[in-house]
Amino acid sequence: MNSQEKEITYTNSNSYSTLNTLSQQTKTIWFVCHGMGYLSRYFLRYFKKLNPEENYIVAPQAPSKFYIQPKMHVGANWLTRDETQAGMQNILNYFDAVLEAENIPEDVNLIVFGYSQGVSVAMRYLAKRQLQCSQLVLHSGGIPKELNSKDFEFLSEDTKVKMIYGTKDEYLDEDRITKETERAESLFGNRLTVLPFEGKHVVNVDFINELVN
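In terms of our numbering, the sequence shown is residues 166 to 378.
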């Protein structure tokens with residue numbers, strides 16, 4: 166038996182979702198990466214309390230969809246341990262296409278926001294493309310092991326990094342929280358602000374609304 170695994174390149178398509186309208190009144194653009202099990206159009210609901218005239222939200226869609234038991238809702242995930250590098254390259258190209266299509270102005274604040282599994286793809290994209298942003302928000306997710314402080318030296322001194330997590334997060338014990346915090350401090354130094362809240366593995370809407378205040 167002669168089994169081989171081969172690779173091809175082909176053109177693919179994927180959707181993404183936006184909230185509000187990009188206009189001259191827009192002050193902040195959000196690039197938000199959802200967690201595993203979400204769809205981008207539903208992830209936008211966490212940003213609906215933001216001032217719609219001043220905030221424009223772009224939510225890319227993770228490419229791999231699956232059914233969630235028991236009600237068979239459809240969710241999606243970004244990456245798995247299998248062929249992570251090739252999968253991330255596809256996501257890099259997809260994010261490039263989304264930002265090119267949106268034609269983001271340079272004179273507005275850009276917030277890159279990752280939640281849960283979305284933290285890893287947001288951080289990798291920022292590092293690979295050296296994308297400048299006013300804020301990087303790491304909400305309840307893990308930092309990719311291969312990233313180091315040199316990957317983020319390009320960031321402006323004014324860039325703020327917020328690390329948000331629930332103290333009762335079922336995926337984060339005290340040891341994991343300590344290690345992730347130390348990793349974030351080693352990557353971002355004085356740029357980092359750690360914002361714990363009393364809660365589980367959920368999106369903290371209150372913190373989202375405070376990020377632009």
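Idealized CB from N, CA, C, for every residue including glycine.
Outcome for residue i when other beta-carbon atoms lying within 10 angstroms are tallied against a minimum of 16
i	result
V239	exposed
S205	buried
G354	exposed
S180	exposed
Q234	exposed
S281	buried
Y211	buried
Q254	exposed
I173	exposed
R356	buried
Q189	exposed
A266	exposed
K327	buried
M154	What is shown of the chain runs 166 to 378, which leaves residue 154 out entirely.
Q250	exposed
Q169	exposed
Q300	buried
Spatial neighbours of residue i in its chain, beta-carbon cut-off 6 Å, leaving aside the 5 residues before and after
i	result
C198	G279, G283, V286, A287
K214	N374
A227	A241, N242, W243
V302	F278, K327
Chain-order list of residues whose beta-carbon lies under 8 Å from that of residue i (same chain, five-residue window excluded)
i	result
I308	V284, S285, M288, E345, R348, A349, L352
Same chain, Cβ closer than 7 Å to residue i, neighbours up to 5 away in sequence not counted
i	result
K293	L257
N185	P217, N220, Y221, I222
P361	Y330, T332
S229	A241, N242
E335	K365, H366
S305	Y280, S281, I329, Y330, G331, D334, H366
Beta-bridge pairing of residue i - partner residues as DSSP gives them
i	result
Y280	H304
E330	Going by the sequence as given, residue 330 is Tyr instead of Glu. P361, per the DSSP bridge assignment.
T193	N220, N274
C198	G279
T183	V223
Y211	Per DSSP, none; premise fails for Y211.
Touching by the beta-carbon criterion (3+ pairs, under 8 Å), the region 213-230 and the region 190-205: Cβ pair count under 8 Å is three or more, so yes.
Examine the Cβ distances between the region 367-374 and the region 308-323 and report whether three or more of them are shorter than 8 Å. No, they do not touch.
Minimum length 4: unbroken alpha helix (DSSP H) runs contained in the region 222-270: 249-267
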